[in-house]
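In my numbering, the protein residues as written are 245 to 485. Quick reminder that beta carbons are idealized off the backbone N, C-alpha and C, glycines included.
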């Protein structure tokens, strides 16, 4: 089984363009994480450990012992945390445009400051500008409309709580505990995550390799879903012959 974790303000729809390109042999589960999509919005508990515990609970519910965990952006931090806290449940780890640190990233800090004035209902222009900032290649307009409306479902308090809790909780220092084979995929035009983060992650994780998509941005699986699906499939098949 493969569990797909989305980024901030997204939902399972983040993988909508990828799923049709995965072979029937791969059992993929695209989750909407807490506070996102149609999932519940608890009053508190928006740090990486909370999200990782939800993934463990999801696997428990389906009686799945181990899985390959795929995380995009913020979901990549959740995947890192899961790989540390639940390492016996890891078959493999895929980090897509994943951060090494939120705290030392000026773009993230600036974005968090902008959230201070965010109110409900979430402004459509704000949501669209945020989602468009993750792209350098065109995506189908109907798909972009979907991810924008999914972003608008996330209450302002959740946007803020997630950013606060993830900025507070640095995972990077514990990555030497990750034992799972790790594939990292990064878009070279990413406006949020620098290459230095990728190099730091590759160095910190025992068994990690990096694949770069030269023409892709922060949401590379939206821009190049077929290539992403092919790389993911090859990685999964290398682990589960």
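**Prompt:** Can you tell me the Cα-Cα spacing of residue 254 and residue 281, whole angstroms?
**Reply:** As a first step, residue 254 is located in the chain shown; it is residue number 10 there, counting from the start. As a first step, residue 281 is located in the chain shown; it is residue number 37 there, counting from the start. Their backbone Cα atoms lie some 7 Å apart in a straight line.
**Asked** alpha helix (DSSP H) containing residue 291: first to last residue?
**Response** Translated into positions along the chain shown, residue 291 becomes position 47. No alpha helix (DSSP H) holds residue 291; DSSP gives it neither H nor E.
**Request:** Go ahead and label residue 469 buried or exposed: buried means 16 or more other beta carbons lie within 10 angstroms of its beta carbon, across all protein chains shown.
**Result:** Here residue 469 refers to the residue found at position 225 when the chain shown is read from its first residue. Per the 10 Å Cβ criterion, buried.
**Asked** Distance, Cα to Cα, residue 267 vs residue 261?
**Response** Numbered from its first residue, the chain shown carries residue 267 at position 23. Numbered from its first residue, the chain shown carries residue 261 at position 17. Cα to Cα, the separation comes out at about 14 Å.
**Asked** Starting from residue 456 and walking both ways along the beta strand (DSSP E), at which residues does that stretch end?
**Response** Walking along the chain shown from the start, residue 456 turns up at place 212. Unbroken beta strand (DSSP E) run through residue 456: 452 to 457.
**Prompt:** Checking contacts by CB at 8 Å: is residue 260 closer than that to chain B?
**Reply:** In summary, chain B is missing from the structure at hand, where a single protein chain is found.
**8 Å Cβ cutoff met for residue 312 and residue 327** = Indexing the chain shown from 1 puts residue 312 at position 68. Indexing the chain shown from 1 puts residue 327 at position 83. Not in contact: residue 312 and residue 327 (Cβ atoms no closer than 8 Å).
**Prompt:** Exposed or buried, which one is residue 369 when buried takes at least 16 other CB atoms within 10 Å?
**Reply:** Indexing the chain shown from 1 puts residue 369 at position 125. Under this definition residue 369 is an exposed residue.
**Message:** Can you tell me which residues form a DSSP beta bridge with residue 430?
**Reply:** Translated into positions along the chain shown, residue 430 becomes position 186. Paired residues: 456.
**Item:** 8 Å Cβ cutoff met for residue 437 and residue 307
**Value:** Within the chain shown, residue 437 is the residue found at index 193, counting from 1. Within the chain shown, residue 307 is the residue found at index 63, counting from 1. Cβ distance not < 8 Å, so residue 437 and residue 307 don't count as in contact.
**Asked** From residue 322 to residue 472, what distance separates their C-alpha atoms?
**Response** In the chain shown, counting from the first residue as 1, residue 322 sits at position 78. In the chain shown, counting from the first residue as 1, residue 472 sits at position 228. Cα-Cα distance, rounded: 20 Å.
**Request:** Can you tell me the Cβ-Cβ gap for residue 399 and residue 364, rounded? I've got them flagged as a contact below 8 Å.
**Result:** As a first step, residue 399 is located in the chain shown; it is residue number 155 there, counting from the start. As a first step, residue 364 is located in the chain shown; it is residue number 120 there, counting from the start. Yes, residue 399 and residue 364 are in contact; Cβ-Cβ is about 6 Å, under 8 Å.
**Asked** For the 8 Å Cβ check, are there 3 or more pairs between the segment 295 to 303 and the segment 427 to 434?
**Response** no
**Asked** Taking just the CA atoms, how far does residue 318 sit from residue 448?
**Response** Within the chain shown, the letter at position 204 stands for residue 448. Within the chain shown, the letter at position 74 stands for residue 318. Cα-Cα distance, rounded: 18 Å.
**Span of the alpha helix (DSSP H), counted from its first residue to its last, around residue 472** = Counting from 1 along the chain shown, the entry for residue 472 is found at position 228. 469 to 483 is the extent of the alpha helix (DSSP H) around residue 472.
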